[in-house]
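Undergrad: Residues -6 to 248 in the working numbering are what the sequence shown lists, from first letter to last.
A virtual CB, placed ideally from N, CA and C, is assigned to each residue, including glycine.
Supplied in C-alpha cells, the structure appears directly below.
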Amino acid sequence: MSHDSDLNNDLGYFDKMAHWSFDEFGIHSECLTDWDLYELLKARVTPDSKILDLGTAGGEKIFEFFPDCAEILGTDFSSAMIGTARKNLEKSGKKNVSFKVMDNLHMDVPDDYFDIVVARHTCTVASQIYRCLKPGGHLLLRGVDKYDCWSLKMEFGGGQGWNDPVPVSISDYEQVLAAGFTEVELVPIHMKDYFKSREDFKGFLEVVPILDDVSIGGQELNEELLDRYIAKNTVGGRIVLIRNYYGISARKPLE
Ligand SMILES: C[S@@+](CC[C@H](N)C(=O)[O-])C[C@H]1O[C@@H](n2cnc3c(N)ncnc32)[C@H](O)[C@@H]1O
C-alpha cells in the first residue's frame, strides 16, 4: 500500500535527498484540516511505549515532535538517510532512540513488539505493520494523495499519482482494513503552501517529486507552464499551492 508513486520508493532519489532540507524555500504552510499526527501520537504514547518510525529519513521528525518514551526505532531503506539520522542522534544525546536500514516492503523487526507505528510520507505494507504491533497497538499514517497540487499537475499535464486508477488514500485505507486493523479512520488533509518568490517555487519543484519527471536530475522545468501557473495562483504577492494529504489512524485488536 501507500505507493505515492514509484519515485517515492526510488532509493537513488532518496540517497540524493539525504543532506537536503525544505527549510531553504521559506514555505509558509496553512493547515485547513484538524488532523495532526503528532497530537495523535502524544495522546497514545505512555512512558513505556516502543515506537517504530518507518521511512524516518534523517530522523528530524523524531527529534522535533516525538514524545519521550522507552524506545524509538527509526528505519529507512536509504543508508545515506540513516547516516544523517545517526549524526543527528549524536548531536541530540538521546539514549532511547536508534536507527537502522530497513525496507518497508520487507520489514525486519520482531512480531508483537511495538506499541505505535508511525509512517509519514513513505510507502508501507499494512500486513507487515500489523504483525510487528502488540495487540492493542496503534498505526498512525500520513500520505500524499493523488489530488495533491492538482491544478499544478493539470497545467503540466501530469505528475505524482496522475495515472493512479484509485487514489492512494483509498487503497491504503482498504489495505489497512484488509490487514485486520480496527478503529480505522481515514481523514483528508487540506493545506495551502505559500511561496514568496518564483525562484523559491521553482527550486522547490526541482526537488520534490510532485512533477515527478522534473524533480532531482529529471527534465528541465517548462518555464512557460510555470509562469502560467504562477499567473493564475498568486494571491497577495505569494504563490499558492494547494496540498492534499490524508491521515489514517487504526488499531490492532486487543486479541
Ligand atoms: C518524504 S520522506 C519522509 C520522511 C519523514 N517520514 C517525514 O515525515 O519527514 C520519505 C522517506 O521514506 C523513505 N523510503 C521510501 N521508500 C522506502 C522503503 N521502501 N523502505 C524504507 N524507506 C523508504 C525515503 O528514503 C525517505 O527517507
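1) Can the beta-carbon of D46 be found less than 9 Å from the beta-carbon of K54?
2) Taking the alpha helix (DSSP H) that G196 falls in, what are its first and last residues?
3) Does the distance between the C-beta of D96 and the nearest non-hydrogen atom of ligand 1 fall short of 8 Å?
4) Could you check which residue in D206, N215, D96, S42 has the C-alpha nearest to that of W155?
5) By alpha-carbon positions, which one of L25, Y166, F70 ends up nearest to A119?
6) Between the alpha carbons of G173 and Y123, how many angstroms are there, rounded?
7) From S22, V94, D27, pick the residue whose C-alpha is nearest to that of G51; which is it?
8) Going by DSSP, what residue range makes up the beta strand (DSSP E) through A50?
9) With a cut-off of 8 Å on the beta carbons, I'd call N237 and P181 a contact; round off their distance for me.
10) Taking the DSSP output, what are the residues bridged to Y239?
11) Quick one: what does DSSP say A63 is sitting in, helix, strand or coil?
12) Going by DSSP, what residues sit across from A112 in a beta bridge?
13) Could you tell me the alpha carbon to alpha carbon distance between F92 and V228, rounded to whole angstroms?
14) Cβ of L69 versus every heavy atom of ligand 1: is any distance shorter than 8 Å?
15) Can the beta-carbon of L170 be found closer than 9 Å to that of G240?
16) Based on DSSP bridge pairs, tell me the residues matched to C24.
17) DSSP three-state call for S144: helix, strand or coil?
18) Which value, in whole angstroms, describes the spacing of the CA atoms of K189 and T175?
TA: On the basis of the data shown:
1) yes
2) 191 to 198
3) yes
4) Each of D206, N215, D96, S42 was checked against the Cα of W155, and the nearest Cα belongs to D206.
5) Y166
6) Approximately 8 Å, taken between the alpha carbons.
7) V94
8) No beta strand (DSSP E) holds A50; DSSP gives it neither H nor E.
9) 7 Å
10) G136, P181
11) In the three-state DSSP reduction, A63 falls in the coil class, being neither helix nor strand.
12) L47, L134
13) Taking the CA atoms as reference points, F92 sits about 42 Å from V228.
14) Note that residue 69 is Asp in the sequence shown here, rather than Leu. Yes, the Cβ of D69 comes within 8 Å of a heavy atom of ligand 1.
15) Against a cut-off of 9 Å, the Cβ pair of G240 and L170 comes out as no contact.
16) M184
17) helix
18) 43 Å
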